[in-house]
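Remarks on the structure that follows.
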Amino acid sequence: MKAAISIDDARKNDDGVSSPEWLDELQTLTSSSRATDDFEQRLEHSRDRLPFGRFRHRSKQLTVGLPSAVVEPADIEEVTRVVKFANDHKLPIIPYGCGSGVLGGTVSLNDEIIVGLGRMDRLIEIDEINCVAHVEAGMNGGAFEAALIERGYTCGHYPQSLNMSTVGGWAACRGSGQSSSRYGNIENMIVGMKVVLPDGELLVVRHVPRRSVGPSLIEMFIGSEGTLGMIVELTLRIWRLPACEISHVVVFPSLQHGLDALRDVMQAEIRPAIVRLYDEAESLRWSNGKLAVETHPILCTLAFSGLQAVAEAEASAALGICEDQGALLVDDAPFRTWKKIRFESYSDEYVNSGGFYDTIEVAAPWSVLPGMYADIRATVIERYPAVQINAHWSHVYSDGACMYMTVKFPAMPDDDAFPIHADIWEIVTSMCLDMGGTTSHHHGIGYFRNKWFVEELNAGHGVISKLKETLDPHLILNPGKLGMRQGINP
Ligand SMILES: Cc1cc2nc3c(=O)[nH]c(=O)nc-3n(C[C@H](O)[C@H](O)[C@H](O)COP(=O)(O)OP(=O)(O)OC[C@H]3O[C@@H](n4cnc5c(N)ncnc54)[C@H](O)[C@@H]3O)c2cc1C
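Just so you know, we're using my numbering here: the sequence shown kicks off at 179 and counts up by one.
This is the structure:
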C-alpha cells in the first residue's frame, strides 16, 4: 500500500507552484474556459465513494494522489477537442460522472486531468413510438428518472445511488438497479450509444432493437469504466409507468428455504419488480429488532408491478412458491420503510462516527451460493470476531444471484484497521473465485479490485488489454483502472 499523503501537506506543497504549461491551451477548448487547476477543485475530484478513500479522507489524507486539472466540456464537440488534446500531449484523463463509484474508478493515481461530464445533462428526446429515451451521459440519474416520470415513463434502472450518479456512469460501471429482476440490468436497457474514442473520433452506434453484425460494440463500452472511450450520449429503452404495485413481506424458516424459493420464482419465469432476501442479522434490522415469527428468522420482500391482472397473477404465483418453502406472510412495514430510504446511503452515519463500513457484491450460481455465504462468513468471523459480516440477495436470476455482503467493524486506529479491511477483501474475493463465483456483480473494478482482475478473466484479460492498447496506444484514458497498465507509452 502506498504511504498516505496528508491533504494539508498537499495543499502546502501546491502553494506557489505554477500551473501546468498546457493549462492555457486546455482552457481554450471549452466554452467559458471551464478548465482549472485550482487546488480545492482538484481535491474534490481526487476521490469517489470508495470506502477506503472515505477512511483516508476522514483522517485528512488523499485516497492516492491529486489530479492535475479539472475540465468540464459542454457538448460532444468540446469532449472531442479535450480528448484529442490529451492524446496529442499524452496526458492521462479520467472521465467523471458524479463520483459515486465505490471502487475508486475516478480516483486520481497519476496527475490525470479529470473530465467532468456534469454539463452534459440534457434529456435530448423521448421517442414515444419506439419507447426509448436519448440522453446525454452526464445527466444525473434522479433527474433523468424524474423527467421520464413527468411524461408517464420510467427507465427501470434504480440503483441505490440514483440521485448521486449519472446515466453515463451507470453504463461505464455496468450497473444494476433495485428492479433488475423485472427490467434487467443496464446492458439490457442501452440500445444506442455515442462514444468519443481516445483519438477523438466519434463512434456512433445507432439505435435499433437488435443487430446481428458481429460482436456488440455497445457491450464493449458497457463496463469499460472510462478506459476505452468517453461515453457522451445514450439511448435507453423506457417503459410506461406501471399501473399498480403489489408488495408482500414473507418470512422463511431458514436462509436455504428463502434462497430455494427465489430460485423457484425465477425459474418459474415470474419477474418480480423487487426481491430482497436478508440473512438473519439483516432480517432482524429490517424488522426493527423483533422477529415477526420466532421460528422464521429470514425476511424477504417481494413486489410486483405492471398491469393489475398480470401483477396479481405474478404475486399470487410467487406467494404460492414461497409457501411451498414454508414461508408465512407478515406485515409489509419493512417494505414500506425500505421504500422510503431506498436511495439513501446507509453507511454515512457509521463511517462518520469512526467505524469501518464496506460492501462487497459478488455473484454465483444457486448451487454454490448457500455454501459460499456460510464459508465466507465463518472464515471472516473466526479470524476477526469483532467484524460483522452479513448479506442480502436482491438481484436474482434463474441461474443464480448477487450476494451483497456488508462488512462493519468498530472504530480503531487506521494502522490496525487497514490490514483487517484488506484481509477481509482478500478472504471474500478469493473464496468467491475458488468456489466458482465472480468478484463483482455491479460495482465494477475501479483500481481497488485490480489485483483480482487477471484471475477473474484469465485469457480474457489479454483480450481486453489488447483492445485497450489498440484503441488507446498512449494509455491516456483512465490508466491503472480495470486491471490495465498505468504507464503512459511515450
Ligand atoms: C450509496 C451508494 C449506493 C450504490 N448503489 C448502487 C447500485 O444499487 N447499483 C449500482 O450499479 N451501483 C451502485 N453504486 C455504485 C455507483 O453509484 C455506480 O457505479 C454508478 O453507476 C456510478 O456513476 P457515476 O456517474 O457516479 O460514475 P463515477 O463514479 O463518476 O465514475 C465511475 C467510473 O465510470 C467512469 N465513467 C463515468 N462516466 C463516464 C462516461 N460518461 N464515459 C466513460 N466513462 C465514464 C469513470 O471514469 C469511473 O471509472 C452505489 C454507490 C453508492 C455510493
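Cβ atoms here follow ideal geometry from the backbone N, Cα and C, with glycine treated the same way. Just so it is clear, the structure is predicted and the values come from calculations on it, not from any experiment.
request  = Using beta-carbon positions only, say whether SER354 and ILE364 come within less than 8 angstroms of one another.
outcome  = To locate residue 354, count along the sequence shown from 1; it is residue 176. To locate residue 364, count along the sequence shown from 1; it is residue 186. Yes; because the gap between Cβ atoms is below 8 angstroms, this pair is in contact.
ask   = To the nearest angstrom, how far is it from the Cα of ALA496 to the Cα of MET609?
value = Locating residue 496 in the sequence shown gives position 318, counting from the first residue. Locating residue 609 in the sequence shown gives position 431, counting from the first residue. About 32 angstroms.
Local Cβ density within 10 Å of GLN239, reported as buried at 16 or more and exposed below that = Taking the first residue of the sequence shown as position 1, residue 239 is located at position 61. That one is buried.
query = Sorted by chain position, which residues of the same chain lie with C-beta nearer than 8 angstroms to SER278's C-beta, five sequence neighbours on each side aside?
reply = Numbered from 1 along the sequence shown, position 100 holds the residue referred to as residue 278. Excluding residues within five positions, the ones whose Cβ falls inside 8 angstroms are ASP226, ARG227, SER339, MET342, SER343 and GLY347.
ask   = DSSP puts MET408 in a beta bridge; with which residues?
value = The residue labelled residue 408 in the question sits at position 230 within the sequence shown. Paired residue(s): VAL374.
query = Cβ atoms of VAL383 and MET371: under 8 angstroms apart, would you say?
reply = Residue numbering aside, residue 371 sits at position 193 when the sequence shown is read from its first letter. Residue numbering aside, residue 383 sits at position 205 when the sequence shown is read from its first letter. Yes; because the gap between Cβ atoms is below 8 angstroms, this pair is in contact.
message = Just to confirm the assignment, what range does the alpha helix (DSSP H) spanning LYS517 have?
response = One-based indexing of the sequence shown puts residue 517 at position 339. It spans 511 to 519 - the alpha helix (DSSP H) in which LYS517 sits, taken as one unbroken run.
ask   = Out of VAL529, ILE291, SER224 and PRO563, which has the shortest C-alpha to C-alpha gap to ARG236?
value = The count along the sequence shown starts at 1 and reaches residue 236 at position 58. Ranking VAL529, ILE291, SER224 and PRO563 by Cα distance to ARG236 puts VAL529 first.
Through-space distance from ALA637 to SER359, alpha-carbon basis = Mapped onto the sequence shown, residue 359 falls at position 181. Mapped onto the sequence shown, residue 637 falls at position 459. Answer to the nearest angstrom: the Cα atoms are 30 angstroms apart.
key: Given THR584 as reference, the closest of GLY532, THR479, ASP457 and VAL453 once Cα atoms are compared   = Mapped onto the sequence shown, residue 584 falls at position 406. Nearest C-alpha to THR584: ASP457.
query = Do you know how far the Cα of HIS639 is from the Cα of GLY296?
reply = Here residue 296 is taken as the residue at index 118 of the sequence shown, counted from 1. Here residue 639 is taken as the residue at index 461 of the sequence shown, counted from 1. Rounded to the nearest angstrom, the two C-alpha atoms are 31 angstroms apart.
task = State the start and end residues of the unbroken alpha helix (DSSP H) segment that holds SER494.
result = To locate residue 494, count along the sequence shown from 1; it is residue 316. Per DSSP, SER494 belongs to the alpha helix (DSSP H) from 486 to 502.
query = When the Cα atoms are used, what is the spatial distance from SER618 to ARG300?
reply = Within the sequence shown, residue 618 is the residue found at index 440, counting from 1. Within the sequence shown, residue 300 is the residue found at index 122, counting from 1. If you take the alpha carbons of SER618 and ARG300, they lie about 30 angstroms apart.
request  = Check whether the segment 444 to 463 touches the segment 572 to 581, counting contact only when three or more Cβ pairs, one atom from each stretch, lie closer than 8 angstroms.
outcome  = yes
request  = Can you tell me which of the three DSSP states GLU250 falls into?
outcome  = Position 72 of the sequence shown holds residue 250. The answer is coil: DSSP assigns GLU250 none of H, G, I, E or B.
request  = Flag this pair as yes or no: are the beta carbons of ARG329 and HIS620 separated by less than 8 angstroms?
outcome  = Position 151 of the sequence shown, counting from 1, holds the residue named residue 329. Position 442 of the sequence shown, counting from 1, holds the residue named residue 620. Cβ atoms of ARG329 and HIS620: not closer than 8 angstroms.
ask   = Should ALA315 be listed as close to ligand 1, given that the test is whether its C-beta is under 7 angstroms from any heavy atom?
value = One-based indexing of the sequence shown puts residue 315 at position 137. At least one heavy atom of ligand 1 is nearer than 7 angstroms to the Cβ of ALA315, so yes.
task = Say whether the segment 388 to 401 touches the segment 433 to 445, bearing in mind that this needs 3 or more beta-carbon pairs closer than 8 angstroms, one atom from each stretch.
result = no
message = Nearest by alpha-carbon distance to ALA188: which of SER196, ASP594, GLY243 and ARG514 is it?
response = Translated into the one-based positions of the sequence shown, residue 188 becomes position 10. Nearest of SER196, ASP594, GLY243 and ARG514 to ALA188, Cα basis: GLY243.
ask   = Which partner residues of PHE233 appear in the DSSP bridge assignment?
value = The sequence position of residue 233 within the sequence shown is 55, counting from 1. Paired residues: none, contrary to the question.
key: Segment limits, alpha helix (DSSP H) that includes MET398   = Along the sequence shown, read from residue 1 onward, the residue named residue 398 stands at position 220. 395 to 399 is the extent of the alpha helix (DSSP H) around MET398.
message = Considering just the uninterrupted stretch of the beta strand (DSSP E) at PRO543, what are its terminal residues?
response = Numbered from 1 along the sequence shown, position 365 holds the residue referred to as residue 543. From DSSP, the beta strand (DSSP E) with PRO543 extends over 534 to 543.
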